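**Student:** Just so it is clear: in the sequence shown, position 124 is 263 by my numbering, and no numbers are missing. Sharing a structure, written as structure tokens. Questions coming.
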Amino acid sequence: SSGINAEWPLRPGELAKRTQGLLSQNVANQKLILSKLESCKISSEKRTLLETLKKLQESHETIKSSLACLDSSERKRKVPQPTKPVATTTLGASTNLDLRPKEIIVKNCNNAEELQEHFSKFGTCTVIPSGVGVIIGFDKRRDAEMAYVKGRIVDDQELDIEWNKTEDVKSSQVTVEPIR
Numbered sequence: 140s141s142g143i144n145a146e147w148p149l150r151p152g153e154l155a156k157r158t159q160g161l162l163s164q165n166v167a168n169q170k171l172i173l174s175k176l177e178s179c180k181i182s183s184e185k186r187t188l189l190e191t192l193k194k195l196q197e198s199h200e201t202i203k204s205s206l207a208c209l210d211s212s213e214r215k216r217k218v219p220q221p222t223k224p225v226a227t228t229t230l231g232a233s234t235n236l237d238l239r240p241k242e243i244i245v246k247n248c249n250n251a252e253e254l255q256e257h258f259s260k261f262g263t264c265t266v267i268p269s270g271v272g273v274i275i276g277f278d279k280r281r282d283a284e285m286a287y288v289k290g291r292i293v294d295d296q297e298l299d300i301e302w303n304k305t306e307d308v309k310s311s312q313v314t315v316e317p318i319r
């Protein structure tokens, strides 16, 4: 008893299993038609058998593509999707954790006071001289991005600006007092 609604809803993988059974049955029917074609002598019967074989081949392709779709959706269901890092706020709400740097390094200007004045128009920042240049630390990533894009010119001088990505040079680890 292979009724359509016999075991509805189907268990995972059951639909693919049944579709594979249909594919096997289709192949068996094609083989049967081919064997009848070999022994058939009447042209009208041959024509009917060829039409039937053609329809079986078309349905075979349809069943195969359905099975491929089922296999694909089954794989998608089983493969865990990567998750983004999540931080919990003090209020208990989840937010995405942005691990991109909020600090830039200006390598060709050592005037910390001038840089403080210039970059503070992009947001709250801390300016710290270091051995690699002057580190400008922003409270917000978007402020740092604006400074990186729009803050490259000071008094007609183009600043050499890079993101501070190195772990050994973080403004929070430098012992020099920030200029306020």
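Think of the CB as a built atom: it goes at the ideal place given N, C-alpha and C, for glycine as much as any other residue. Since the structure is predicted, the reported quantities are computational estimates derived from the model, not experimental observations.
In angstroms, rounded to a whole number, what distance separates the CA positions of K246 and V273?
**Tutor:** As a working mapping, residue 246 is identified with position 107 in the sequence shown. As a working mapping, residue 273 is identified with position 134 in the sequence shown. About 7 Å.
**Student:** Below 6 Å CB to CB, which residues in the same chain sit around L162 once its five sequence neighbours on both sides are set aside?
**Tutor:** Taking the first residue of the sequence shown as position 1, residue 162 is located at position 23. If we look at L162 and ignore the five residues flanking it on each side, its Cβ neighbours are I202.
**Student:** For Y287, which residues from the same chain have a beta carbon less than 8 Å from its beta carbon, with the 5 sequence-adjacent residues on both sides left out?
**Tutor:** Within the sequence shown, residue 287 is the residue found at index 148, counting from 1. Taken in chain order, the residues that qualify are I243, I300, W302.
**Student:** Excluding five sequence neighbours on each side, which residues of the same chain lie with their C-beta closer than 7 Å to the C-beta of I172?
**Tutor:** Residue 172 sits at position 33 when you count from the first residue of the sequence shown. L188, T191, L192, L195.
**Student:** Identify the residues that DSSP records as bridge partners of G272: which are they?
**Tutor:** Here residue 272 refers to the residue found at position 133 when the sequence shown is read from its first residue. For G272, which the question treats as bridged, DSSP gives the partners S269.
**Student:** Using C-beta distances below 8 Å, list every residue in its chain close to I292, excluding the 5 sequence neighbours before and after it, in chain order.
**Tutor:** Residue numbering aside, residue 292 sits at position 153 when the sequence shown is read from its first letter. The answer, listed in chain order, is L298.
**Student:** If we count the other Cβ atoms within 10 Å of its Cβ and call it buried at 16 or more, is V218 buried or exposed?
**Tutor:** In the sequence shown, counting from the first residue as 1, residue 218 sits at position 79. Because V218 sits at a pLDDT of 48, beneath the cut-off of 50, its placement in the model cannot be relied upon, and the point is left open.
**Student:** Can L206 and Q159 be called in contact, C-beta distance under 8 Å?
**Tutor:** On the sequence shown, residue 206 is found 67 positions in, with the first residue counted as 1. On the sequence shown, residue 159 is found 20 positions in, with the first residue counted as 1. For L206 and Q159, yes; Cβs fall inside 8 Å.
**Student:** Please identify the residue among E177, S178, H199, A155 whose C-alpha is closest to the C-alpha of V166.
**Tutor:** The residue labelled residue 166 in the question sits at position 27 within the sequence shown. The residue with the shortest Cα to Cα distance from V166 is H199.
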